[in-house]
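K.L.:
A single structure is presented below for examination.
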Ligand code: ADP
Ligand code: MG
């Protein structure tokens, strides 16, 4: 039982950034409007995530840490129309299998539930006063899986992975105020204004705002909206491209190429734009079940969508008289 949890954990939890991703996604699923992430030593020592979302009722707190328990899928149909970010019910169990976890959660301000786990075992559960929402602290990740710990890279590498994850989640949810601090230094603070362009400037610097142009487009299957930079903004690398399908950050080589193709010769070879594109489509057109971390997706009409992306970028850039 414990071994199988650790194996499952290895698939979902590869590094500190995986923990942050899963916990922030849970906060988003819980309809939080404020999410605060604090880490120490790039997450290798501690990661804390607190949200003002729905909280977990007392009777479900311990259950939430059992493998394959999710409150987000109740029937087979749901599996095909995945709306929430989490849907496998593996994250909390996986994290608790390879770290020391404390959670304090309450469905309304007052008495909530505090639970402590380590190595997949519940050590303590008690009533504890709490605000509404959920606070999770994860310590000593991989303390009981030394082989996994060896794969964790330098503090800088892990920190940049975590920053990437948080940036993407903040961009996907401009209506959520997000803060992120490493060793108590605030690295990111979004206002939760709901305004995507403002969120982009909060993440990438104010000056970037003047360099961005809005994109909107649609065909029968797809809708496209967001902002892309003018070609002269050249400090961008591939991490500055953020593609979201139905609100979920995804990686897709063909779509990234389609975006760059829209710039044609305006963008120097090997350069990337800063781009935040929201693509919406019928969930039937996208298969998110390819990998447990759910970033790689399979698209049924990839060529059609690529064409839509390229054409729309060409149009907005063409209208700029560059
Ligand atoms: P999943 O997100 O796939 O359902 P998780 O293991 O991440 O699985 O979480 C298990 C369950 O715990 C969720 O379905 C949800 O009911 C509850 N939960 C986890 N985190 C939170 C949170 N921050 N706020 C409210 N409920 C949460
Ligand atoms: Mg989850």
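In the UniProt record's numbering, the protein residues as written are 9 to 330. Every residue gets a Cβ at the ideal spot worked out from N, C-alpha and C, and that includes glycine. In this text, all values refer to a predicted model and were calculated from it rather than measured experimentally.
(1) So is residue 174 buried or exposed if we call it buried at 16+ other beta carbons inside 10 Å?
(2) Who are the near neighbours of residue 313 in its chain, counting only those whose CB is closer than 8 Å to its CB and skipping five residues on each side?
(3) Does the stretch 184 to 192 come into contact with the stretch 138 to 147, if we say contact requires no fewer than three beta-carbon pairs (one atom in each stretch) closer than 8 Å?
(4) Rounded to whole angstroms, what's the CA-CA distance from residue 151 to residue 167? Just pull it up for me.
(5) Give me the Cβ distance between residue 178 and residue 198, rounded to the nearest whole Å; I'm assuming they're in contact under 8 Å.
(6) Going by the DSSP bridge assignment, what does residue 111 pair with across the sheet?
(7) Are residue 112 and residue 120 close, meaning C-beta to C-beta below 8 Å?
(8) With 16 other CB atoms within 10 Å as the buried threshold, where does residue 235 fall?
(9) If you follow the alpha helix (DSSP H) that residue 224 is part of, which residue opens it and which one closes it?
(10) Determine, using beta-carbon pairs with one atom in the stretch 198 to 207 and one in the stretch 55 to 73, whether at least three such pairs fall under 8 Å.
(11) Between 212, 238 and 232, which lies nearest to residue 219 when the distance is taken from Cα to Cα?
(12) Any heavy atom of the ligand ADP closer than 7 Å to the beta-carbon of residue 183?
(13) Which ranges would you report for the alpha helix (DSSP H) in the UniProt domain "DNA mismatch repair protein S5" (208 to 326) if only whole runs of at least 4 residues count?
(14) Out of 98, 20, 65 and 55, state which residue places its alpha-carbon closest to the alpha-carbon of residue 76.
(15) Is it buried or exposed for residue 28, if we count other Cβ within 10 angstroms and need 16 for buried?
(16) From residue 52 to residue 271, what does the alpha carbon distance come to, in whole angstroms?
(17) Does the Cβ of residue 107 have 16 or more other Cβ atoms within 10 Å, making it buried, or fewer, making it exposed?
(18) Could you check whether the stretch 42 to 51 touches the stretch 152 to 167, counting it as contact only if at least three pairs of C-beta atoms, one from each stretch, sit closer than 8 Å?
(19) Measure the alpha-carbon distance for residue 101 versus residue 127 and round it to whole angstroms.
(20) Residue 41 by DSSP, collapsed to three states: which one?
(21) For residue 69, which residues in the same chain have their Cβ closer than 8 Å to its Cβ, ignoring the five residues on either side in sequence?
(22) Taking the beta strand (DSSP E) that residue 57 falls in, what are its first and last residues?
(23) Less than 7 Å separating the Cβ of residue 72 from some heavy atom of the ligand MG?
(24) Work out the CA separation of residue 22 and residue 155 for me, nearest whole Å.
(25) Under a three-way DSSP split, which group does residue 205 fall into?
(26) Residues bridged to residue 194 by DSSP?
(27) Please classify residue 276: is it buried, with 16 or more other beta-carbons within 10 angstroms of its beta-carbon, or exposed?
P.N.:
Let me lay it out:
(1) buried
(2) 229, 230, 263, 266, 287, 289 and 307
(3) no
(4) 19 Å
(5) 5 Å
(6) 123 and 144
(7) yes
(8) buried
(9) No alpha helix (DSSP H) contains residue 224, which is instead part of the beta strand (DSSP E) from 220 to 226.
(10) no
(11) 238
(12) no
(13) 261 to 271 and 310 to 326
(14) 98
(15) buried
(16) 40 Å
(17) buried
(18) yes
(19) 10 Å
(20) coil
(21) 111, 113, 121, 123 and 133
(22) 54 to 59
(23) no
(24) 11 Å
(25) helix
(26) 189
(27) exposed
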